[in-house]
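Keeping their order, the protein sequence lines are chains A and B. Just so you know, UniProt numbering puts 80 at position 80 of the first sequence, and the rest follows in order with no gaps. Just so you know, UniProt numbering puts 60 at position 60 of the second sequence, and the rest follows in order with no gaps.
Protein chains: 2
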Amino acid sequence: MRFTSEQRLDDGIIEREFTLGEIPGTLWTPGSAGSATPVPLILMAHNNGLPKAQPRLVARARQTAAYGYAVATIDAAGCGDRPRSAADEQARADLRRAMRAGEPVDEIFESFIGPLVEKAVPDWRSTLDALLALPEIGGPVGYSGWTAVGIHLAAVEPRIAAAGFFAGGYVPRAQREEARQVTVPLLFLLQWDDEGNPRQRALDLFDAFGSTEKTLHANLGGHVGTPWFEVADGGRFYDRHLK
Amino acid sequence: MRFTSEQRLDDGIIEREFTLGEIPGTLWTPGSAGSATPVPLILMAHNNGLPKAQPRLVARARQTAAYGYAVATIDAAGCGDRPRSAADEQARADLRRAMRAGEPVDEIFESFIGPLVEKAVPDWRSTLDALLALPEIGGPVGYSGWTAVGIHLAAVEPRIAAAGFFAGGYVPRAQREEARQVTVPLLFLLQWDDEGNPRQRALDLFDAFGSTEKTLHANLGGHVGTPWFEVADGGRFYDRHLK
């Protein structure tokens, strides 16, 4: 893991860009990170592999770091600004066309997002290895964001101790089936009027998780309308399980 | 309004019993209540008119008062330890028998809870008048607890500025229809595995409210299993709207 830039933000958060082999990432640590006590870590992924520099993700990461967490995000394989295969580009174009035409998108999502999730998770695990080797970061580890990646990661990675999912974004069949293997405490966010995500499908997914402690927060509004107080609620959820 | 007893609790909360005509009530105020600044008020009602001295209600009231609120509860007409009509007693007996036999209880609930809600709300409004005349209590006013009474109260009482509902307890048809008239910010608590309350009915009710700002919190577990962190979440919900 090689740090390529560092800046101290107004609120004392340190924001560092890094690379780990081909993986580009960003790490936010609280201003107190120079101190002797390592802080818990939250891995933060954006739905459907949007770029790690996307402003809403960055704002969420900075606010979460201010609660006393190291927060890391990456552009995993096929995500964000990473190179895409010709097949990926074709799938994205098909998807845009189908959505504009109001056609069903389930099968395109399945063939496009499914493999993206499978490819992304090993990058997240490599990043986790490297981050936990830093002296300023301790366990336990939380996850926040993209539901499909979070399900697969929590199912295969025993170091994930709590997870917050944004129930936006299509969840591939493989992860819907994997949900019962997720047993860590969960906070599941649902936008009640999410255009692209049938509400019943999200409620069924919440029901399917194997966790004995899981909480659903649903708010009125569309896909990107999650109220900002949910970031604070998320902070308290992680406080209960990671501190 | 006549205060009949007063005690200062360990955490500085002042707990006073009162009567207002035939209505017995309890008022909790924060330790700072002697100061010049009046605090906002939360009316707290227990599902289906359980007694105001019920330990879970009392614990919730004390914790909420500690967040800087005056909290009041009453035994409204037909509720708690107030006198009950022979018809009420008969309905309660019918209900217990039907539940033991696993028979449908909708119609018994309708004929029993429906009139109870209608009778209770005027007592809550009289109490509100008296409480707002106290110098230590200011507006705005929140409501917490019994969904059916809360719907009817919020629909007819413009001084209610925010409401937290416990989606336990049957909601009579009249209040299901009245839900669209409720337009204040809402926090709606749902127990995912509530034996006595079909989940879909609660989700439909959440959907029906007229409020443009409403949040659903669902947690695993049965009717009385609401986790205690929801009281803290409720405190922050009221902070956003009443302070």
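Quick reminder that beta carbons are idealized off the backbone N, C-alpha and C, glycines included. A quick note: this is a predicted structure, and the numbers were derived from the prediction, not measured.
Are residue 48 of chain B and residue 166 of chain B close, meaning C-beta to C-beta below 8 angstroms? Not a contact, by the Cβ cut-off of 8 angstroms.
Is there at least one Cβ from chain B nearer than 8 angstroms to residue 212 of chain A's Cβ? yes
Within the 8 angstroms Cβ cut-off, does residue 109 of chain A reach chain B? no
Buried versus exposed call for residue 9 of chain B [16 or more other C-beta atoms within 10 Å across all chains shown]: exposed
Unbroken stretches of the beta strand (DSSP E), 3 residues or longer, contained in the stretch 29-87 of chain A: Those beta strand (DSSP E) runs which fall completely within the stretch 29-87 of chain A and span 3+ residues are 39-45, 70-74.
So with Cβ pairs under 8 angstroms, would you call residue 217 of chain B a contact of chain A? Output row for residue 217 of chain B: interface = yes.
Assumed close pair residue 75 of chain B, residue 122 of chain B - CB separation to whole angstroms, cut-off 8 angstroms: Approximately 14 angstroms separates the beta-carbon atoms of residue 75 of chain B and residue 122 of chain B; this is outside 8 angstroms, ruling out the contact.
Taking residue 120 of chain B as the reference, which of B:136, B:73, B:141 has the closest Cα? B:73
Whose Cβ in chain A lies nearer than 9 angstroms to the Cβ of residue 240 of chain B? Chain-ordered, the chain A residues with CB closer than 9 angstroms to the CB of residue 240 of chain B read 229.
Mind listing the chain A neighbours of residue 194 of chain B? Cutoff is C-beta to C-beta under 7 angstroms, in chain order. The premise fails here: residue 194 of chain B is roughly 14 angstroms from chain A at the closest Cβ pair, so nothing lies under 7 angstroms.
Give every residue of the same chain whose Cβ lies closer than 6 angstroms to the Cβ of residue 112 of chain B, excluding the five residues on either side of it in the sequence, and list them in chain order. Correct list, in chain order: 91.
Between the CA atoms of residue 93 of chain A and residue 61 of chain A - distance to the nearest angstrom: 30 angstroms
Under 7 angstroms by beta carbon: chain B residues contacting residue 317 of chain A: The requested residue 317 of chain A does not occur in the structure, where chain A is confined to residues 1 to 243.
Just verifying my parser: in three-state terms, what is the DSSP assignment at residue 238 of chain A? helix
If you run the structure through DSSP and keep just helix, strand and coil, what is residue 26 of chain A? strand
Exposed or buried, which one is residue 40 of chain B when buried takes at least 16 other CB atoms within 10 Å? Burial call: buried.
State the Cα-Cα distance for the pair residue 51 of chain A and residue 183 of chain B, rounded to the nearest angstrom. When rounded, the distance between both Cα atoms is 38 angstroms.
Option nearest residue 149 of chain A by Cα separation, candidates A:133, A:173, A:134, A:129: A:173
Are residue 236 of chain B and residue 205 of chain B closer than 8 angstroms when you measure CB to CB? no
Buried or exposed for residue 85 of chain B, please, with buried defined as at least 16 other CB atoms from any protein chain shown within 10 angstroms of its CB. An exposed status is given to residue 85 of chain B, since fewer than 16 other beta-carbon atoms sit within 10 Å of its beta-carbon.
Contact check, residue 178 of chain A vs residue 151 of chain A, beta carbons under 8 angstroms: yes
If we count the other Cβ atoms within 10 Å of its Cβ and call it buried at 16 or more, is residue 246 of chain A buried or exposed? In the structure displayed, chain A extends from 1 to 243; residue 246 of chain A sits before or after that span and is not available.
Judging by CA-CA distance, which residue of B:170, B:188, B:224, B:186 is the nearest neighbour of residue 198 of chain B? B:170
Given that residue 220 of chain B touches chain A, what residues does it touch there, using C-beta distances under 9 angstroms? 211, 212, 213, 214, 215
Looking at chain B, is there any beta carbon in it that lies within less than 8 angstroms of the beta carbon of residue 233 of chain A? Closer than 8 angstroms to some Cβ of chain B, the Cβ of residue 233 of chain A qualifies, so yes.
Segment limits, beta strand (DSSP E) that includes residue 2 of chain B: 2-8
Residue-chain proximity (residue 33 of chain A, chain B), Cβ-Cβ < 8 angstroms: With a pLDDT of 49 at residue 33 of chain A, under the threshold of 50, the modelled position of this residue cannot be trusted; read the value that follows with caution. Residue 33 of chain A does not count as touching chain B.
What is the DSSP secondary structure of residue 224 of chain A, counted as helix, strand or coil? coil
Three-state class that DSSP yields for residue 144 of chain B in the structure shown: strand
Counting only the same chain and skipping the five closest in sequence on each side, list residues whose C-beta sits under 6 angstroms from that of residue 220 of chain B. Here residue 220 of chain B has 192 as same chain residues with Cβ atoms under 6 angstroms from its own Cβ, once five neighbours each way along the sequence are excluded.
Can you tell me where the alpha helix (DSSP H) holding residue 132 of chain A begins and where it ends? 106-132
Is residue 16 of chain B helix, strand or coil by DSSP? strand
Using DSSP with H/G/I as helix, E/B as strand and the rest coil, what is residue 150 of chain B? helix
What does residue 187 of chain B pair with, by DSSP beta-bridge criteria? DSSP output for residue 187 of chain B lists B:164, B:215 as bridge partner(s).
Buried or exposed, going by whether 16 or more other CB atoms sit within 10 Å of the CB of residue 101 of chain B? exposed
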